[in-house]
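Read the structure below first, then the notes.
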Amino acid sequence: YKRCAIIRPPRDGGIRYRGLTQEQVKILPVDYEIEYICRGSRIIVGPKVRKCLHNGTWTDMNQISRCCRCPHCKKKLYIGALFPMSGGWPGGQACLPAAQMALDLVNNRTDILPDYELELIHYDSMCDPGEATKLLYDLLYTEPIKIVLMPGCSSVSTLVAEAARMWNLIVFSYGSSSPALSNRQRFPTFFRTHPSATLHNPTRVRLFQKWGWTKIATIQQTTEVFTSTLDDLEERVKEAGIEISVRQSFLTDPAVAVKNLKRQDARIIVGLFYETEARKVFCEVFKEKLYGKKYVWFLIGWYADNWFKIKDPAINCTVENMTEAVEGHVTTEIVMLNPETVRGASNLTSQEFLAQLMSRLGGKNPEETGGFQEAPLAYDAVWALALALNRTVAPLRAKGWALEDFNYNNKEITAEIYRALNTSSFEGVSGHVVFDAQGSRMAWTLIEQLQGGSYKKIGYYDSTKGNLSWYGNDKWIGLGPPADQTKVIEEFRYLSQKLFVSVSVFAGLGILLGIVCLSFNIYNSSVRYIQNSQPYLNNMTAVGCVLALAAVFPLGIDGLHIQRSQFPVVCQFRLWLLGLGFSLAYGSMFTKIWWVHTVFTKKDEKKEKRKHLEPWKLYATVAVLLAIDVLSLLIWQIMDPLHITVEKFTKEAPKEDLDVLIQPLLEHCSSEKMNTWLGVVYGYKGLLLLLGIFLAYETKSISTEKINDHRAVGMAIYNVAVLCMITAPVTMILSSQQDASFAFASLAIIFSVYITLVVLFVPKIRRLITRGEWQSEQQDTLKTGSSTNNNDEEKSRQLERENRELQKIIQEKEERVTELRNQLAQRQALRSRRRPSVPNQNQNHSVPSSHAEPPSYSPATDKQSLPPSFSNSSDLYQGEGKLSRNNCHNSRLPLLYK
Numbered sequence: 004y005k006r007c008a009i010i011r012p013p014r015d016g017g018i019r020y021r022g023l024t025q026e027q028v029k030i031l032p033v034d035y036e037i038e039y040i041c042r043g044s045r046i047i048v049g050p051k052v053r054k055c056l057h058n059g060t061w062t063d064m065n066q067i068s069r070c071c072r073c074p075h076c077k078k079k080l081y082i083g084a085l086f087p088m089s090g091g092w093p094g095g096q097a098c099l100p101a102a103q104m105a106l107d108l109v110n111n112r113t114d115i116l117p118d119y120e121l122e123l124i125h126y127d128s129m130c131d132p133g134e135a136t137k138l139l140y141d142l143l144y145t146e147p148i149k150i151v152l153m154p155g156c157s158s159v160s161t162l163v164a165e166a167a168r169m170w171n172l173i174v175f176s177y178g179s180s181s182p183a184l185s186n187r188q189r190f191p192t193f194f195r196t197h198p199s200a201t202l203h204n205p206t207r208v209r210l211f212q213k214w215g216w217t218k219i220a221t222i223q224q225t226t227e228v229f230t231s232t233l234d235d236l237e238e239r240v241k242e243a244g245i246e247i248s249v250r251q252s253f254l255t256d257p258a259v260a261v262k263n264l265k266r267q268d269a270r271i272i273v274g275l276f277y278e279t280e281a282r283k284v285f286c287e288v289f290k291e292k293l294y295g296k297k298y299v300w301f302l303i304g305w306y307a308d309n310w311f312k313i314k315d316p317a318i319n320c321t322v323e324n325m326t327e328a329v330e331g332h333v334t335t336e337i338v339m340l341n342p343e344t345v346r347g348a349s350n351l352t353s354q355e356f357l358a359q360l361m362s363r364l365g366g367k368n369p370e371e372t373g374g375f376q377e378a379p380l381a382y383d384a385v386w387a388l389a390l391a392l393n394r395t396v397a398p399l400r401a402k403g404w405a406l407e408d409f410n411y412n413n414k415e416i417t418a419e420i421y422r423a424l425n426t427s428s429f430e431g432v433s434g435h436v437v438f439d440a441q442g443s444r445m446a447w448t449l450i451e452q453l454q455g456g457s458y459k460k461i462g463y464y465d466s467t468k469g470n471l472s473w474y475g476n477d478k479w480i481g482l483g484p485p486a487d488q489t490k491v492i493e494e495f496r497y498l499s500q501k502l503f504v505s506v507s508v509f510a511g512l513g514i515l516l517g518i519v520c521l522s523f524n525i526y527n528s529s530v531r532y533i534q535n536s537q538p539y540l541n542n543m544t545a546v547g548c549v550l551a552l553a554a555v556f557p558l559g560i561d562g563l564h565i566q567r568s569q570f571p572v573v574c575q576f577r578l579w580l581l582g583l584g585f586s587l588a589y590g591s592m593f594t595k596i597w598w599v600h601t602v603f604t605k606k607d608e609k610k611e612k613r614k615h616l617e618p619w620k621l622y623a624t625v626a627v628l629l630a631i632d633v634l635s636l637l638i639w640q641i642m643d644p645l646h647i648t649v650e651k652f653t654k655e656a657p658k659e660d661l662d663v664l665i666q667p668l669l670e671h672c673s674s675e676k677m678n679t680w681l682g683v684v685y686g687y688k689g690l691l692l693l694l695g696i697f698l699a700y701e702t703k704s705i706s707t708e709k710i711n712d713h714r715a716v717g718m719a720i721y722n723v724a725v726l727c728m729i730t731a732p733v734t735m736i737l738s739s740q741q742d743a744s745f746a747f748a749s750l751a752i753i754f755s756v757y758i759t760l761v762v763l764f765v766p767k768i769r770r771l772i773t774r775g776e777w778q779s780e781q782q783d784t785l786k787t788g789s790s791t792n793n794n795d796e797e798k799s800r801q802l803e804r805e806n807r808e809l810q811k812i813i814q815e816k817e818e819r820v821t822e823l824r825n826q827l828a829q830r831q832a833l834r835s836r837r838r839p840s841v842p843n844q845n846q847n848h849s850v851p852s853s854h855a856e857p858p859s860y861s862p863a864t865d866k867q868s869l870p871p872s873f874s875n876s877s878d879l880y881q882g883e884g885k886l887s888r889n890n891c892h893n894s895r896l897p898l899l900y901k
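Sequential numbering from 4 applies to the sequence shown in this note's numbering.
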């Protein structure tokens, strides 16, 4: 087949090449049709349309087409429109028929633009800015001149509106929601009947507040409209005290973004993306189980009602999977259809408009028709433009202008159209139409929820008045609106009361034992055996043990028993009772062992000088140790007082299937530089304990009457030191385990005290009871009938007691001497029977063996006569000058008969 060559248009007219760009208009194919158009009010006389024939010629070439003036014909005003019939938002499928309905009604009205006829020149932009750029070029550079441009989706409107000012063109959009288009400096001639997407944000914030949410998450497609909407939402929620904890974005694949939402425990999620991407997102939501009673999704409301049921080859989820994943989500949608039965400028109610639109769609399913919800906006956009142009006719006529005189260099006509649109206010099928200073539509917001697979209206919100109209029919999968995050319940860990009571019983018994020992020591302080143990130091030990045991009670007191404000007082009691108790108990024992070591490990000449014990020095030593502790504790509490601190542990999930986590908390007594102070105290006490162990080991074989219980003191020091050195580091390690820490510390105190009291006092009690020393002392006191405070009587009783002891010893020795004499006599008798007779001279000098005396025998020369038993024993041991190994010297014997 031959192709047709380009033909020239008529004068004052042009040719419309349908579906072709300027570059493609060279040689036209067979069956291609061209259309003649005329400028201004001229009309075509002759064939208006010609068709390319198979022989390479055009139809009706024998007839001439001319552009002639028609005084009674309407002048045409052309509107260049871009309707997306496919792509991310195929809104032109319903918006184009709605716009054509409005044009037909406007052109048939005699009260609106009576001298003009509006004509729509439209192309399919596919919601693609690249395609829209090419189509915009064709609209601008092909006849006829367009007085207004009408783009659809936001990405295309952004491109068109930014370029239109160079041609002095008004841009009027019916489907753009991008907040970026509200910038008057960037888009000075832009208007839209579709409200800005930021109009959703006040509604969302109001719903967040209604349901008590303070933490949300967002996921968006990386396009300008959604980015600017999210920026506006971030500012609004910040003003409302709501936090955006997670913010995710994606370009084409939302898998990673959805996984991040799951990992970061997002619960209330605002999704900003187009319909095709929404299916991808919720397929991933189903896979990640990011739906159900714990989650709420907020989506844009201008998707088709069955958007999640549409089969999409880009996803691998079934319709059942998608239906399950989207159940319960909430949409915020601009009110695009007037809910009231009101006849507006077009003399149609909203329901009548829908009926006529359905007729134009030819029975198509509205849910499967793109842009069905936005169709009222496209309808009202044409009416708003027609009414604005109608109001410019008179002002322009007064200036000598007419609308048909518009060209791309005429700023005056553009300014008049801008003023008319800016002051527009009328009732349309989408509601009251009015524009703000940025050219954006002001409208109500419809709130819907997907319940059982279909959307249900649950309320309206008027952002201009802040009025929320609520139906109260919202439904939730759980018992109510879910929490905006896993609810964290703070739960304090308290000491086991069974453990506290058990340990307290032992501590109480220990305190009672300490009081008994203290009373015993004070009552028997006049007994010599008690006096030789330095009873005042033992009293200090008993008092220190009682104080240390008393510290067990505040160690077990926590927030279960007292208020938080009283806790620092308990901390002080713990510190002071334990510190002073240790200083008194251990300090007194350390002083004893220190004095024994000092006296009995020196040279002999120094030892003799220091054997005389001065008690005040012992008391002074204890006082120094106690003063050091008191001073250090005072400095600590003045510079860095103890206060309550709360330790947080890893959150725990309860056994029940609840959307909560338990945050365990534990109260501690602490200060700002706790470790420094503990290091100083533990270092000082540790050195004392080590020194005490060393001194106890060095003096283990020493015996002294001045401190007769130093071996028991050494044993107590061993036990206390070992327990303290083990307990201090272990309790620091176990500080986060309240039961173990308390048990270890309190039992160490109890064992130390019990061992100390038993080792020091029980042997004394046993000795005084079993040997009768305590009883004999009482009898002596009754005999004398005088007070024990008299020093002479005290010395007398001591001497008498010594006499009684020596009598017992001498009696034992006499019995032994008698036994030895009998054995000696028997041996001599046996020898005399075996020995042969001896010379007479020897017999004259011999003495019978039965009357023989020991070789060392000599008559007593003392003027004071002694009984035979004492005389014999003194003669037997005179050579040694001692009475056996008990060190009873002859010089002490006269004391027996004082």
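Note that the Cβ used here is the ideal one computed from N, Cα and C, for glycine as well.
In the displayed model, M153 falls within a strand according to three-state DSSP. For C41, the enclosing beta strand (DSSP E) begins and ends at 36-41. Around the CB of T773, fewer than 16 other CB atoms lie within 10 Å, so the residue is classed as exposed.
DSSP places V432 outside any alpha helix (DSSP H), giving it a letter other than H or E.
Annotation: E336 to G304 spans about 4 Å, alpha carbon to alpha carbon. DSSP places I272 in the strand class (E or B) of the three-state scheme. F585 places its beta carbon less than 8 Å from that of G547. Counting every other CB atom within 10 Å of its CB across the protein chains shown gives Y119 a total of 16 or more, marking it as buried.
Checking the DSSP bridge columns, you'll see H600 has no partner listed. Assigned with DSSP and collapsed to three states, V299 falls in strand.
Y757: member of the alpha helix (DSSP H) spanning 741-773, first to last residue. Residues of the same chain with a CB within less than 7 Å of the CB of P667, apart from the 5 flanking positions on each side, are E494, R496, F652, E655 in chain order. In the displayed model, I514 falls within a helix according to three-state DSSP.
A Cβ-Cβ distance of about 5 Å is found for the pair Y81 and E122, placing them in contact under the 8 Å criterion.
Between Y306 and the set R270, S505, R282, the nearest pair of CA atoms involves R282. Listed as beta-bridge partners of K490 by DSSP are V663.
Ranking Q814, P485, G95 by CA distance to the CA of V663 puts P485 first.
In the three-state scheme derived from DSSP, where H, G and I count as helix and E and B as strand, C320 is classed as coil. Between D742 and L498, the gap from beta carbon to beta carbon is short of 8 Å. Nearest to Y411 by alpha-carbon distance, out of S835, V151, K459, F764, is V151. Rounded to the nearest whole angstrom, the C-alpha separation of C70 and G49 is 9 Å.
Within the same chain, Cβ atoms closer than 6 Å to the Cβ of N263 are found at Q251, the five residues on either side in sequence being excluded. Just measuring C-alpha positions, the residue of I647, T196, Y277, A719 sitting nearest A102 is T196. Around the CB of R444, 16 or more other CB atoms lie within 10 Å, so the residue is classed as buried. Residue pairing by DSSP places R195 opposite S176 in a beta bridge. Burial state of V259 is exposed, judged by a 10 Å Cβ sphere holding fewer than 16 other Cβ atoms. A contact is defined here as three or more CB-CB pairs under 8 Å, and the stretch 31-39 meets this definition with respect to the stretch 7-18.
In the structure shown, the three-state DSSP call for T448 is strand. In this structure the stretch 622-639 does not touch the stretch 445-464; the number of beta carbon pairs closer than 8 Å is below three. When the five nearest sequence neighbours on each side are left out, the beta carbons in the same chain lying within less than 6 Å of the beta carbon of F503 are those of G559, in order along the chain. Beta-bridge partners assigned by DSSP to Y458: L453. S472 is bridged by DSSP to Y463.
Between the stretch 457-474 and the stretch 526-539 there are fewer than three inter-stretch CB-CB distances shorter than 8 Å, so the stretches are not counted as touching. Taking C-beta atoms under 8 Å as the contact rule, A348 and F429 qualify, at a distance of about 5 Å. In its chain, beyond the 5 residues on either side, V151, M153, F194, A384, L388 have a beta carbon closer than 6 Å to the beta carbon of F175. Residue state for T60 is assigned as coil, using DSSP reduced to three classes.
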